[in-house]
Amino acid sequence: MGHYDNIKNIYFIGIGGIGMSALARYFHALNYNVAGYDRSNSELVAQLRAEGIPVI
Numbered sequence: 001m002g003h004y005d006n007i008k009n010i011y012f013i014g015i016g017g018i019g020m021s022a023l024a025r026y027f028h029a030l031n032y033n034v035a036g037y038d039r040s041n042s043e044l045v046a047q048l049r050a051e052g053i054p055v056i
């Protein structure tokens, strides 16, 4: 990933949105440690949790 080779953990604020959830899935698929926060329990949040991405 170029300049991001030393990054291991990525935390998303608003991970339940359409854009942030897509980025979370992308980096999770690249084996980064991904987690995030969202104030609502949307269907996207449930899907992220089911995929193994921790959401607070």
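With full-length UniProt numbering, the residue at position 40 of the sequence shown is 40, and numbering never jumps.
Ideal Cβ placement from N, Cα and C applies to all residues, glycine included.
Taking all protein chains shown into account, do 16 or more other C-beta atoms lie within 10 angstroms of the C-beta of residue i, making it buried, or fewer, making it exposed?
i: Ala-50; result: exposed
i: Ala-24; result: buried
i: Ile-56; result: exposed
i: Gly-52; result: exposed
Could you check which residue in the options has the C-alpha nearest to that of residue i?
i: Asn-6; options: Asn-31, Arg-39, Val-55; result: Asn-31
i: Asn-41; options: His-3, Asn-9, Gly-14; result: Gly-14
Check whether the Cβ atoms of residue i and residue j lie closer than 8 Å to each other.
i: Met-20; j: Phe-12; result: yes
**Message:** Just to confirm the assignment: which complete alpha helix (DSSP H) runs, minimum length 4, are found wholly within the UniProt domain "Mur ligase N-terminal catalytic" (10-56)?
**Reply:** 18-29, 43-50
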